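Heads up: the sequence shown runs through residues 2 to 303, numbered per the working numbering.
Structure first, commentary second.
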Amino acid sequence: MTDFDVVTGAFSYSGAVIASELQAAGRRVRTLTGHPGRAPASSAIEVRPLDFADPAALTESLRGARALINTYWVRFAHGPVSHETAVAQSRVLFQAAAEAGVRRVVHVSITHPSADSPYPYFRGKAAVEQALADLRLPHTVLRPAILFGGNGVLINNIAWLLRHLPVFALGGTGEYRIRPIHVEDLARLCVRAADGTGTEVIDAVGPERPAFGDLVRFIRNAVGSRSRVIRVPGPLIPPAARLLGLALRDTLLTAEEFEAMAEGLADTDGPATGETSLTQWITDHKGTLGRTYANELTRHFR
2 MTDFDVVTGA FSYSGAVIAS ELQAAGRRVR TLTGHPGRAP ASSAIEVRPL DFADPAALTE
62 SLRGARALIN TYWVRFAHGP VSHETAVAQS RVLFQAAAEA GVRRVVHVSI THPSADSPYP
122 YFRGKAAVEQ ALADLRLPHT VLRPAILFGG NGVLINNIAW LLRHLPVFAL GGTGEYRIRP
182 IHVEDLARLC VRAADGTGTE VIDAVGPERP AFGDLVRFIR NAVGSRSRVI RVPGPLIPPA
242 ARLLGLALRD TLLTAEEFEA MAEGLADTDG PATGETSLTQ WITDHKGTLG RTYANELTRH
302 FR
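Spelled out as structure tokens, the structure:
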């Protein structure tokens, strides 16, 4: 198999949509995945293990690839997996791509990565971007803030909470803005970037940037919730989320995620690179949004 594209995690959330977009463009797809058992029996995607402990096998799996589209990361530390671990493993993957002669890397990062960030997530993302730059591989870095659409977690679970709780607590003012992009818009950016030249960094953001409080109230009205939306001091949100997480057997929201969002790190003021309207999407899916809870730990660790 030659002249193919490699996607990490083609049976996960964003990776699955990216792989589908590549196939729709007539491209052959291979995936590196830690969950080979998730491959549908009818899948045309070639499956190889994402085994960071075997760099030689990773190199062989990448040999002949036109582009590597990398979605690998960890949302939060869990068990032996940490942001520091993910940085080290990303270096192994990029080095394998360089040794395999991959022509281009498309890497999905985050808005506002910074080596000086107080948040391990954002420091780690900056370190991964630097690791890619150090290898001098032609690449595109795409920086989304929040994804929605498909079986995404955040918007769905806000709707689930509004459907099930009598009160929804907003931390602080609720006036901090977010800049979500539809996962299919991100996938289209990835496919275009795989054909790009040179090196570029692009904020992958949609056309709307609502205040978080306004977004919660919009979802509340869309799904017909009677939950009261109230403001509480920001420091109360992480412990409240931990308690809810225990009841749901999940990590609902980390302190880092809340604090970064409240500081505006999920927002940008640049031009939109995605086209899909978040509010229109919520309106179109109000009948099904939040009907079931999306459990992050079940998806990735169980």
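Cβ atoms here follow ideal geometry from the backbone N, Cα and C, with glycine treated the same way.
Computed from a prediction, not measured in an experiment: that's the story for all the values here.
Integer-rounded CB distance, given that residue j should sit under 8 Å from residue i
i	j	result
P239	T200	Rounded, the Cβ-Cβ distance is 37 Å, inconsistent with contact.
R332	T112	There is simply no residue 332 to check, as the chain begins at 2 and stops at 303 in what is shown.
T60	A97	4 Å
T66	F5	Note that residue 66 is Ala in the sequence shown here, rather than Thr. Their Cβ separation, rounded to whole angstroms, is 6 Å, which keeps A66 and F5 in contact under 8 Å.
E297	V154	6 Å
L171	G214	5 Å
P121	A146	About 17 Å separates the two Cβ atoms, so there is no contact after all.
V184	S15	6 Å
I70	A195	6 Å
A212	Y177	7 Å
S110	T72	At roughly 10 Å, the Cβ-Cβ gap does not stay under 8 Å, so S110 and T72 are not in contact.
Range covered by the beta strand (DSSP E) that runs through residue i
i	result
F169	168-172
Residues that DSSP places opposite residue i in a beta bridge
i	result
I182	L148
I203	L143
A212	R178
R31	V7, E47
Where the alpha helix (DSSP H) through residue i begins and ends
i	result
L51	Where L51 is concerned, there is no enclosing alpha helix (DSSP H), given that its DSSP letter is neither H nor E.
G16	14-25
R164	155-165
Any C-beta of chain C under 8 Å from that of residue i
i	result
L298	In the structure shown, chain C does not exist; there is a single protein chain.
Kindly provide the ranges of any alpha helix (DSSP H) runs that are 4 or more residues long and lie completely inside the segment 218-282, ordered along the chain. DSSP runs (the alpha helix (DSSP H)) wholly in the segment 218-282: 238-249, 256-263.
Length at least 3, wholly inside the segment 62-149: the beta strand (DSSP E) runs in chain order: Runs found: 66-71, 105-109, 140-145, 147-149.
Is it a yes or a no for the segment 278-293 touching the segment 110-130, going by three-plus beta-carbon pairs under 8 Å? no
Below 8 Å, how does it come out for the segment 186-203 and the segment 154-174: are there three or more Cβ pairs, yes or no? no
When the Cβ atoms of the segment 287-295 are set against those of the segment 216-226, are three or more pairs found closer than 8 Å? yes
Given 8 Å, three or more beta-carbon pairs between the segment 181-191 and the segment 15-23: At 8 Å Cβ cutoff, the stretches touch.
Using a Cβ distance threshold of 8 Å, determine whether the segment 48-55 contacts the segment 27-35, with at least three qualifying pairs required. In short, these stretches touch, since the Cβ pair count reaches three.
Between the segment 241-248 and the segment 98-112, are three or more C-beta pairs nearer than 8 Å? no
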